[in-house]
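Structure first, commentary second.
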Amino acid sequence: MPYRIDHVHLRSRDAVAAGSFYVEMLGAREIRRDGSPVTRVVIDLGGLYLFIEQAPEDIAPAARPPHLGLEHIGLAVDDIEATFAELQKKKLDIVSGINDVKPGLRTIFITGPDGVLIEFLKRDFAL
1 MPYRIDHVHL RSRDAVAAGS FYVEMLGARE IRRDGSPVTR VVIDLGGLYL FIEQAPEDIA
61 PAARPPHLGL EHIGLAVDDI EATFAELQKK KLDIVSGIND VKPGLRTIFI TGPDGVLIEF
121 LKRDFAL
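Going by UniProt numbering, the final residue of the sequence shown carries number 127, and the count climbs one at a time with no gaps.
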């Protein structure tokens, strides 16, 4: 049976603020908010749906990398230098500058809401 991606589910101390981060800082599009008060914000981040759930107060914060489980969200970009300049301009929490991982692969990492690690990558080859 074939599978295809549907969504990534995140938990947040403030689902509305986290959703706003992805919209305002990364150009995502908010799809909807569920509940009153809001229990989930659904956004489209470059074709990847993020379900951002409002977490109860007793949920522990995210583990600091490296850790098991979901390691990061990777976003492809066309121009790594322009992306880095834009991230700096927005004063985002840049974990690493531009990394030359191997020939044809350059990356940048930032920390998003609730400790989510986000990678921006420029790949000059097909997977």
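We treat Cβ as the ideally placed atom computed from N, Cα and C, and that holds for glycine.
If you check the CB distance, ASP114 and ARG13 come in under 8 Å. Counting along the chain, ALA76 sits inside the beta strand (DSSP E) bounded by residues 73–76. Counted as a single uninterrupted DSSP element, the stretch harbouring PHE125 is not any beta strand (DSSP E), since DSSP gives it neither H nor E.
Residue burial annotation: THR107 is buried, with at least 16 other C-beta atoms found within 10 angstroms of its C-beta. Counting only runs of 3 or more residues that sit fully inside the UniProt domain "VOC" (4–123), the beta strand (DSSP E) segments are 8–12, 29–34, 40–45, 48–54, 73–76, 93–102, 105–111 and 117–123, in chain order. The segment 77–87 makes no contact with the segment 5–19: fewer than 3 CB pairs, one atom from each, lie closer than 8 Å. By the beta-carbon neighbour count (other beta carbons within 10 angstroms, threshold 16), GLY35 is exposed.
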